[in-house]
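Reminder that position 89 of the sequence shown reads as 89 in UniProt numbering, one-by-one numbering, no gaps.
Beta carbons: idealized from backbone N, C-alpha and C, even for Gly.
In this text, all values refer to a predicted model and were calculated from it rather than measured experimentally.
Structure, as structure tokens:
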Amino acid sequence: MPTKESVDAKVRLGGRFHRLFGATLVSAIGTGMHAAALPLLVLQSTSSPLALSFVVMAAEIPWVLLSLHAGVVVDRLDRRWVMVWADLGRFAVLVALAVLILTAQVSLVWLVLAAFLLGVGQVFFDLAAQSAIPDFVSRDPRSLATANGRIVAAESNGEDFVGPPLGSALFGVWNFLPFAGNALSFVASGLLIFSIRTDAKPKRTSEAPRTSVRSDIVEGIRWLFGNRTLRALATVSCLGNVAATAQFAMLALLAKEVLELPDFGFGLLLTATALGATVGGLAAAAASKRFGPGTVMLAGKAGVGIAILVLGLVANVWVAAAMMMVTGALMTAEKVVVSTLRHQIVPNELLGRVLSSSRLVVMIGGPVGAGLGGVLASVFAVQVSYVACGVFLILVTLVFYPVLNNRALASATDESAG
């Protein structure tokens, strides 16, 4: 018989949240489609690896340049409208790109600009969607964990599992199709968000003095680094990103040189990761309730370390696929726990700024991990980079145990609630 708690959680994840979930899934599929189709369009125009890197960098740069300012926008305005405008902006970019394709006017400059603008839209949409979750469900840990799990699963499925193969397949039929379909996906997402009605109040009262963007950004950063738990969560996520980026940056090399897989087999390793991420996102709430968020997060971090270590020590295709699935599941479960804790600790009016500040800290680990993985693989062997990253994550888990165990996290959330 279901408990009152589970019934309440189900009620709180009602129609408004499910529209947000649907919009996030559709938007993520669109993002995955152009993430696969844009590089293919670049290679159709030029075979230059440098040109390809320009487009990839253009899609990532908005997170560095705009995330802090986007957090201010998300906290100042109605988050639904931020998502709607982000979808409309990406729709306009894709329509323009589709016209350029049809008229054979595509150039590297246009592709770089399109990648940058689509990245800008993703920054605003993702930050607003994550910050809006408490507007549609209660701050009860069970409700937040379930909602975060479903949103993370939607993002993983759309961006990594459904979107890329769909975009690649449509591109093979006609290079115009993935961008036209992508444009329609953002229309659908925007309409779903537009249909949501919320009881959320404006972030500022008319009597409150208007603050500058700079002071708002500083307030978010101070909140992040002034709170011991939030600071630890951001730091451990950054360190985890170092290892994760090194793992995925060297995965193609591991697949070809060590596992001796064809290109199709490499794609299957990525699919295994996405499948694991789906399971991890959906199971995170139940696991967190049973074992505690600290246990899920720390065991997940150590488990990812062990999985990466096994990838470096065992040259077997089936073992590699299993480890990639484990990695996807545990990393996603960690992400759900971190998002839920942040929603419990941070006041609603500061969520966008604290989230954007955290994202920026986490992103620092990306280039460090990519560079570290490349150096270790070049100087020694690709397996050495995996062994080093696996051991590193296990050590990170031990170092952060005193701050992120169940008792410490319960104390932090109780203080926030009080």
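Here's a check: name, in chain order, each residue in its chain whose Cβ is nearer than 6 Å to the Cβ of residue i, leaving out the five neighbours to either side.
i           : result
residue 153 : 278, 281 and 282
residue 239 : 396
residue 144 : 340 and 343
residue 187 : 91
residue 360 : 67
residue 292 : 406
Would residue i pass as a contact of residue j if the rule is Cβ separation under 8 Å?
i           : j           : result
residue 40  : residue 185 : no
residue 234 : residue 370 : no
residue 84  : residue 225 : no
residue 189 : residue 26  : yes
residue 51  : residue 42  : yes
residue 111 : residue 38  : yes
residue 246 : residue 372 : yes
residue 142 : residue 315 : no
residue 220 : residue 82  : no
residue 345 : residue 412 : yes
residue 100 : residue 46  : no
residue 352 : residue 127 : yes
residue 390 : residue 309 : yes
residue 336 : residue 393 : no
residue 80  : residue 196 : yes
residue 54  : residue 86  : no
residue 156 : residue 332 : yes
Give the straight-line distance between the Cα atoms of residue i and residue j, rounded to the nearest whole angstrom.
i           : j           : result
residue 2   : residue 287 : Only weak support exists for where residue 2 lies, its pLDDT of 43 falling under 50; the coordinates are left without a value.
residue 349 : residue 135 : 11 Å
residue 258 : residue 218 : 47 Å
residue 67  : residue 398 : 31 Å
residue 129 : residue 380 : 42 Å
residue 358 : residue 131 : 13 Å
residue 323 : residue 363 : 24 Å
residue 255 : residue 21  : 34 Å
residue 262 : residue 268 : 10 Å
residue 407 : residue 158 : 35 Å
residue 242 : residue 140 : 32 Å
residue 105 : residue 117 : 18 Å
residue 89  : residue 180 : 14 Å
residue 72  : residue 319 : 45 Å
residue 178 : residue 31  : 11 Å
residue 164 : residue 273 : 14 Å
residue 123 : residue 151 : 16 Å
residue 227 : residue 347 : 12 Å
residue 56  : residue 121 : 15 Å
residue 170 : residue 58  : 23 Å
residue 223 : residue 65  : 20 Å
residue 374 : residue 15  : 46 Å
residue 213 : residue 63  : 17 Å
residue 173 : residue 368 : 38 Å
residue 317 : residue 211 : 56 Å
Rounded to whole angstroms, how far is the Cβ of residue i from the Cβ of residue j, which I believe are closer than 8 Å?
i           : j           : result
residue 70  : residue 356 : 6 Å
residue 29  : residue 119 : Actually they are not in contact, since the Cβ atoms of residue 29 and residue 119 sit about 17 Å apart, beyond 8 Å.
residue 506 : residue 313 : In the structure displayed, the chain extends from 1 to 418; residue 506 sits before or after that span and is not available.
residue 98  : residue 23  : So it is not a contact: roughly 22 Å between Cβ atoms.
residue 301 : residue 260 : With a Cβ gap of about 30 Å, residue 301 and residue 260 do not count as contacting.
residue 33  : residue 251 : About 22 Å; that fails the 8 Å criterion.
For residue i, which residues in the same chain have their Cβ closer than 8 Å to its Cβ, ignoring the five residues on either side in sequence?
i           : result
residue 404 : 229, 232, 233, 236, 294, 297 and 298
residue 96  : 114
residue 275 : 161, 325 and 328
residue 401 : 298
residue 338 : 233, 237 and 297
residue 19  : 192, 193, 195 and 196
residue 44  : 175
residue 321 : 268, 269 and 272
Going along the chain, which residues of its own chain have a beta-carbon closer than 7 Å to the beta-carbon of residue i, five neighbours each way excluded?
i           : result
residue 102 : 176
residue 147 : 13, 17, 133 and 137
residue 77  : none
residue 307 : 323, 326 and 327
residue 253 : 377 and 382
residue 366 : 241 and 245
residue 149 : 281, 282, 284, 285 and 336
Give, in chain order, every unbroken run of the alpha helix (DSSP H) that is at least 4 residues long and sits entirely within the region 61-142. 79-102 and 108-136
Which runs of the alpha helix (DSSP H) spanning at least 4 residues fall entirely within the region 277-345, listed in chain order? 293-313 and 317-345
Going residue by residue through the region 220-262, where are the continuous alpha helix (DSSP H) segments of at least 4 residues, counting only ones entirely within it? 228-249
What runs of the beta strand (DSSP E), each 3 residues or longer, lie entirely inside the region 135-194? none
Output the residue ranges of the alpha helix (DSSP H) runs that lie fully inside the region 360-407 and measure 4 residues or longer, sorted by chain position. 382-404
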